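Chemist: Going by full-length UniProt numbering, the sequence shown opens with residue 1, and the numbers climb by one from there.
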Amino acid sequence: MSAIKLAPRDYNFQSFSQRLRFGALVFCVMFSSWAHAEIWHSTPVSAMRDVAVAPNGIIWLTGKDGAVWVSDNIYGSSFTQIPGHDFSRIAVGLDGTAWVIKSDGTLWKYANTWVQTTASAMQDVVVAPDGNVWLVGENGAIWVSNDQGKQFAQIENNGFSRVSAGMEGTVWAVKSDGTVWKYANAWVQTEARAMQDIAVAPNGLIWLVGKNGAIWSSADDGTTFSQDEHAKGIENIAAGRGGAWAVGSNGTLWRKLSSPQF
Numbered sequence: 001m002s003a004i005k006l007a008p009r010d011y012n013f014q015s016f017s018q019r020l021r022f023g024a025l026v027f028c029v030m031f032s033s034w035a036h037a038e039i040w041h042s043t044p045v046s047a048m049r050d051v052a053v054a055p056n057g058i059i060w061l062t063g064k065d066g067a068v069w070v071s072d073n074i075y076g077s078s079f080t081q082i083p084g085h086d087f088s089r090i091a092v093g094l095d096g097t098a099w100v101i102k103s104d105g106t107l108w109k110y111a112n113t114w115v116q117t118t119a120s121a122m123q124d125v126v127v128a129p130d131g132n133v134w135l136v137g138e139n140g141a142i143w144v145s146n147d148q149g150k151q152f153a154q155i156e157n158n159g160f161s162r163v164s165a166g167m168e169g170t171v172w173a174v175k176s177d178g179t180v181w182k183y184a185n186a187w188v189q190t191e192a193r194a195m196q197d198i199a200v201a202p203n204g205l206i207w208l209v210g211k212n213g214a215i216w217s218s219a220d221d222g223t224t225f226s227q228d229e230h231a232k233g234i235e236n237i238a239a240g241r242g243g244a245w246a247v248g249s250n251g252t253l254w255r256k257l258s259s260p261q262f
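#1: Can you tell me whether alanine 7 is buried or exposed? The criterion is at least 16 other CB atoms within 10 Å of its CB, across all chains shown.
#2: Output the boundary residues of the beta strand (DSSP E) element that contains valine 133.
#3: Hey, phenylalanine 160 and lysine 175 are a contact pair by Cβ (cut 8 Å); roughly how many whole angstroms apart?
#4: Taking one C-beta from the segment 217–233 and one from the segment 46–63 each time, how about it: are there three or more such pairs within less than 8 Å?
#5: On the criterion of 16 or more Cβ atoms from any shown chain inside 10 Å, does glycine 23 qualify as buried, or is it exposed?
#6: With 16 other CB atoms within 10 Å as the buried threshold, where does lysine 109 fall?
#7: Is it buried or exposed for alanine 184, if we count other Cβ within 10 angstroms and need 16 for buried?
#8: Using CA atoms only, rank isn't needed, just tell me which of Ala121, Gly131, Ala128 is closest to alanine 141.
#9: Alpha carbon to alpha carbon, how far is valine 125 from glycine 66? Give it in angstroms, no decimals.
#10: What is the DSSP secondary structure of glycine 66, reduced to helix, strand or coil?
#11: Quick one: is leucine 20 buried, meaning 16 or more other Cβ sit within 10 Å of its Cβ, or exposed?
#12: Quick check: valine 209 and isoleucine 234, are their CB atoms within less than 8 Å of each other?
#13: Using the rule of at least 16 other Cβ atoms within 10 Å of the residue's Cβ for burial, across every protein chain shown, is arginine 193 buried or exposed?
#14: Taking only three categories from DSSP, how would you classify glycine 169?
If you want it as structure tokens, here you go:
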């Protein structure tokens, strides 16, 4: 009986390897798209008033009862209460110092202990990437401090209510009439209308909250704005490297993460 000789099968390992690499590339692109396309969703955290995102991604909150809370991680899965009371608006600087406005309009800063500044009659605060502290007074004036809150200089007095700051010294502000302005040596009005809060992310993305509770964003320095249909009933907003956080009018904390969170 003669033996049957089987011809070796051509598996074409080079082609298989190319297909494998292509498939991995497609998966990575799709995974990145899924991560960046995450929609707004509410968290279990409630009874909050304002939110701020520190440069290191830690979340700071003020409650409707005036308490201050800080997250134990960048995901906001748990929070620890900081001693203090009667606080409303909050911001966090590069060094981790929290700047908070009390319900009586006084400005305080916290780095393991509370210290009151000389500022009073204020309604909003933000810390710019360069460390300057920007404020909006109850009279609509905008103030700035470049010495960690020792002295404040008035920049403008024209009906502002909210303020935020981006890279390269640009300041963004919302007027009480809902218009949005930006400042870099001179004030320039944008096309946005009927807004009530604003936040600028480190990547330059501008987030807005409308007077109707809708969320808007601009990726072209305020030239155009697009509405996010997945979030409604929002009151205040903050932005960081990992995404944006917001507080609803009912006190619920919302988030939209811009990168995979494991």
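Virtual Cβ for every residue (Gly too), placed ideally from N, Cα, C. Small disclaimer: the values here were computed from a predicted structure and weren't measured.
Modeler: With the given structure in hand:
#1: With a pLDDT of 42 at alanine 7, under the threshold of 50, the modelled position of that residue is not reliable, and the figure given next carries that caveat. Exposed, by the Cβ-count rule.
#2: That run of the beta strand (DSSP E) goes 133–137.
#3: Their Cβ separation, rounded to whole angstroms, is 5 Å, which keeps phenylalanine 160 and lysine 175 in contact under 8 Å.
#4: No: the two stretches stay apart, fewer than three of their Cβ pairs being nearer than 8 Å.
#5: Per-residue confidence for glycine 23 stands at a pLDDT of 41, beneath the threshold of 50, marking its modelled position as unreliable; the derived number appears in the next sentence. Exposed, because fewer than 16 other Cβ atoms sit within 10 Å of the Cβ of glycine 23.
#6: Buried, because 16 or more other Cβ atoms sit within 10 Å of the Cβ of lysine 109.
#7: Exposed, since its Cβ has fewer than 16 Cβ neighbours within 10 Å.
#8: For the residues Ala121, Gly131, Ala128, the minimum Cα distance to alanine 141 belongs to Ala121.
#9: Across the structure, glycine 66 and valine 125 are spaced so that their CA atoms are roughly 16 Å apart.
#10: For glycine 66, the secondary structure class from DSSP, reduced to helix, strand or coil, is coil.
#11: Unreliable placement is indicated for leucine 20, whose pLDDT of 37 sits below 50; the coordinate value is still reported in the next sentence. With fewer than 16 other Cβ atoms within 10 Å, it is exposed.
#12: Result yes, Cβ atoms of valine 209 and isoleucine 234 sit closer than 8 Å.
#13: Around the CB of arginine 193, fewer than 16 other CB atoms lie within 10 Å, so the residue is classed as exposed.
#14: In this structure, glycine 169 counts as helix in the three-state DSSP scheme.
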